[in-house]
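**Q** Here it is, the structure in full.
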Amino acid sequence: MGSKLDEFARFVNVEKALEYVEKRRHEDGGYCFVSVLDDTNVNDTYYAVKIYDLLGLEVPEKEKTIEFLEKAIQPQTAVVAIAMALEGLAMLGAKDIAREHVDIVYTKYNPLEDKFAVGLGGSEEFGTATPLEATYWVVKAFKAIGQPISDEERDRIRAFVMKFRMGNGFGVKQPTTTMTYQALHTLYALGYRPPKSPHFRNCELCGDWGGFTEVPYSLPPYLEPTFYATRGLELQEEAPTCPRRHIWFIRQLQNSNGGFRRSLELGISNFQNTYRALAVVDAMMRYL
Numbered sequence: 001m002g003s004k005l006d007e008f009a010r011f012v013n014v015e016k017a018l019e020y021v022e023k024r025r026h027e028d029g030g031y032c033f034v035s036v037l038d039d040t041n042v043n044d045t046y047y048a049v050k051i052y053d054l055l056g057l058e059v060p061e062k063e064k065t066i067e068f069l070e071k072a073i074q075p076q077t078a079v080v081a082i083a084m085a086l087e088g089l090a091m092l093g094a095k096d097i098a099r100e101h102v103d104i105v106y107t108k109y110n111p112l113e114d115k116f117a118v119g120l121g122g123s124e125e126f127g128t129a130t131p132l133e134a135t136y137w138v139v140k141a142f143k144a145i146g147q148p149i150s151d152e153e154r155d156r157i158r159a160f161v162m163k164f165r166m167g168n169g170f171g172v173k174q175p176t177t178t179m180t181y182q183a184l185h186t187l188y189a190l191g192y193r194p195p196k197s198p199h200f201r202n203c204e205l206c207g208d209w210g211g212f213t214e215v216p217y218s219l220p221p222y223l224e225p226t227f228y229a230t231r232g233l234e235l236q237e238e239a240p241t242c243p244r245r246h247i248w249f250i251r252q253l254q255n256s257n258g259g260f261r262r263s264l265e266l267g268i269s270n271f272q273n274t275y276r277a278l279a280v281v282d283a284m285m286r287y288l
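In UniProt numbering, the protein residues as written are 1 to 288.
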């Protein structure tokens, strides 16, 4: 194994995780986290590319995956999935192909027309995407492919994001780790420097637990807020209090098939969880 894989192998079964992903690659270049199904999709394919990228590995038959992601960019595709496809193409070295399809984003997401994701469709986190989530993904994708955002667009997006500000965080009914990170990441990506939020620190669990929660001073921890809080602390140039405990939490989430679930309770593996688990371990290793 390479040095990056050796580092991961100290804490999780990274060979088994890779095997989990590789077994779920299909002939069309796409991936499906349920290996027996041919229902390849953008979400699983995006996270497969992210996993290979995180581990410093080449995506197998990369040209097929590029073709798969490009074909997925269609008028009927949800804006979050389009943004994933664009970012995935960038990671595969196909920024030029991604930029050819930017116009389709503006049919669904155009801040100058107050269109913050028309027909939101599928979501990463909530069943149906929130406009803030769509904003996060579009801005992230545009940055990845080098698509410029005008000053007027920046100002409109910033004003929109700030509508979700609630005390020390961002949310709809209350501040959440996911929405606070998505908002702050968007602002940082646009060149703004908002005040540091204590939200992530207030959601950190050490002691018997490890991991982070979605709202402060609550239980239990879950993988998605652990991932977003880890990213949030990095964004604010802050360190976690108990990195070893967070790695312990992640270790408990690896299933026998090599993938990861989202909680300490029983749950199925998927590519999203597997990428996030590995990304948290990658971040925490820097503090040991």
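Heads up, the beta-carbon is just placed ideally off N, CA and C, and yes, glycines get one too.
For Val-42, tell me which candidate among Val-281, Phe-271 and Ala-277 has the shortest Cα-Cα distance.
**A** Residue numbering aside, residue 42 sits at position 42 when the sequence shown is read from its first letter. Nearest of Val-281, Phe-271 and Ala-277 to Val-42, Cα basis: Phe-271.
**Q** Closer than 6 angstroms by C-beta to Val-280: which residues in its own chain qualify, once you throw out the five before and the five after it? Chain order, please.
**A** Taking the sequence shown and counting its residues from 1, one reaches residue 280 at position 280. Around Val-280: Thr-226, Phe-227, Thr-230 and Ile-250.
**Q** With DSSP as the reference, label Tyr-287 as helix, strand or coil.
**A** Taking the sequence shown and counting its residues from 1, one reaches residue 287 at position 287. Here Tyr-287 sits in coil by DSSP.
**Q** Do Ala-144 and Lys-95 have their C-beta atoms closer together than 9 angstroms?
**A** As a first step, residue 144 is located in the sequence shown; it is residue number 144 there, counting from the start. As a first step, residue 95 is located in the sequence shown; it is residue number 95 there, counting from the start. Their beta carbons are under 9 angstroms apart, which means Ala-144 touches Lys-95 by this criterion.
**Q** At 4 residues or longer, and completely inside the region 185-211: list those alpha helix (DSSP H) runs for me, N to C.
**A** Counting only runs of 4 or more, we get 199-202.
**Q** Where does the unbroken alpha helix (DSSP H) through Pro-225 begin, and where does it stop?
**A** Reading the sequence shown from its first residue, position 225 is the one you call residue 225. Run containing Pro-225: 223-235, per the alpha helix (DSSP H) assignment.
**Q** Assign Ile-268 to one of two classes, buried (16 or more other C-beta atoms within 10 Å of its C-beta) or exposed (fewer than that).
**A** By 1-based counting over the sequence shown, the position of residue 268 is 268. It counts as exposed.
**Q** I need the DSSP call for Tyr-31, collapsed to helix, strand or coil.
**A** Reading the sequence shown from its first residue, position 31 is the one you call residue 31. Strand at Tyr-31.
**Q** Whose C-beta lies closer than 7 angstroms to the C-beta of Thr-241 among residues of the same chain, with five residues either side of it excluded?
**A** The sequence position of residue 241 within the sequence shown is 241, counting from 1. So the qualifying residues of the chain are Glu-204 and Cys-206.
**Q** I want to know whether the region 250-260 touches the region 6-21 - three or more CB-CB distances under 8 angstroms.
**A** As far as the Cβ criterion goes, the region 250-260 touches the region 6-21, which means the pair count is three or higher.
**Q** DSSP puts Tyr-109 in a beta bridge; with which residues?
**A** Counted from its first residue, the sequence shown places residue 109 at position 109. According to DSSP, which records beta bridges pairwise, Tyr-109 is partnered with Phe-116.
**Q** For my contact list, Asp-224 and Arg-276 are in at a C-beta cut-off of 8 angstroms; report their separation, rounded to the angstrom.
**A** By one-based count along the sequence shown, residue 224 stands at place 224. By one-based count along the sequence shown, residue 276 stands at place 276. Before going further, note that residue 224 is Glu rather than Asp in the sequence given. Glu-224 to Arg-276, Cβ: 7 angstroms. Contact.
**Q** Assuming His-101 contacts Leu-86 (C-beta within less than 8 angstroms), just tell me the rounded distance between them.
**A** Within the sequence shown, numbered from 1, the residue matching residue 101 stands at position 101. Within the sequence shown, numbered from 1, the residue matching residue 86 stands at position 86. That belief holds up - the Cβ atoms of His-101 and Leu-86 are roughly 7 angstroms apart, short of 8 angstroms.
**Q** Is Arg-25 helix, strand or coil by DSSP?
**A** Indexing the sequence shown from 1 puts residue 25 at position 25. DSSP places Arg-25 in strand when its eight states are reduced to three.
**Q** Could you pull the start and end residues of the alpha helix (DSSP H) that Ser-3 belongs to?
**A** Translated into positions along the sequence shown, residue 3 becomes position 3. That run of the alpha helix (DSSP H) goes 3-9.
**Q** Hey, Thr-213 and Thr-186: beta-carbon distance below 9 angstroms or not?
**A** Translated into the one-based positions of the sequence shown, residue 213 becomes position 213. Translated into the one-based positions of the sequence shown, residue 186 becomes position 186. No, they are not a contact pair.
**Q** Which one or two residues does DSSP pair with Gly-171 in a beta bridge?
**A** As a first step, residue 171 must be located in the sequence shown, where it is residue number 171. Answer by DSSP bridge pairing, in chain order: Pro-175.
**Q** Roughly how many angstroms separate the alpha carbons of Lys-62 and Gln-76, rounded to a whole number?
**A** On the sequence shown, residue 62 is found 62 positions in, with the first residue counted as 1. On the sequence shown, residue 76 is found 76 positions in, with the first residue counted as 1. Going from the Cα of Lys-62 to the Cα of Gln-76 covers about 25 angstroms.
**Q** Expressed to the nearest angstrom, what Euclidean distance is found between the alpha-carbon atoms of Asp-44 and Leu-92?
**A** Against the sequence shown, residue 44 aligns to sequence position 44. Against the sequence shown, residue 92 aligns to sequence position 92. Approximately 15 angstroms, taken between the alpha carbons.
**Q** Would you report the Cα separation of Met-162 and Arg-156, rounded to the nearest angstrom?
**A** Within the sequence shown, residue 162 is the residue found at index 162, counting from 1. Within the sequence shown, residue 156 is the residue found at index 156, counting from 1. Roughly 10 angstroms separates the two Cα atoms.
**Q** Within 10 angstroms of its Cβ, does Arg-261 collect 16 or more other Cβ (buried), or is it exposed?
**A** The count along the sequence shown starts at 1 and reaches residue 261 at position 261. With 16 or more other Cβ atoms within 10 Å, it is buried.
**Q** Among Ala-90, Asp-28, Phe-164 and Ile-82, which residue has its Cα nearest to the Cα of Lys-64?
**A** As a first step, residue 64 is located in the sequence shown; it is residue number 64 there, counting from the start. Closest option to Lys-64, Cα to Cα, is Asp-28.
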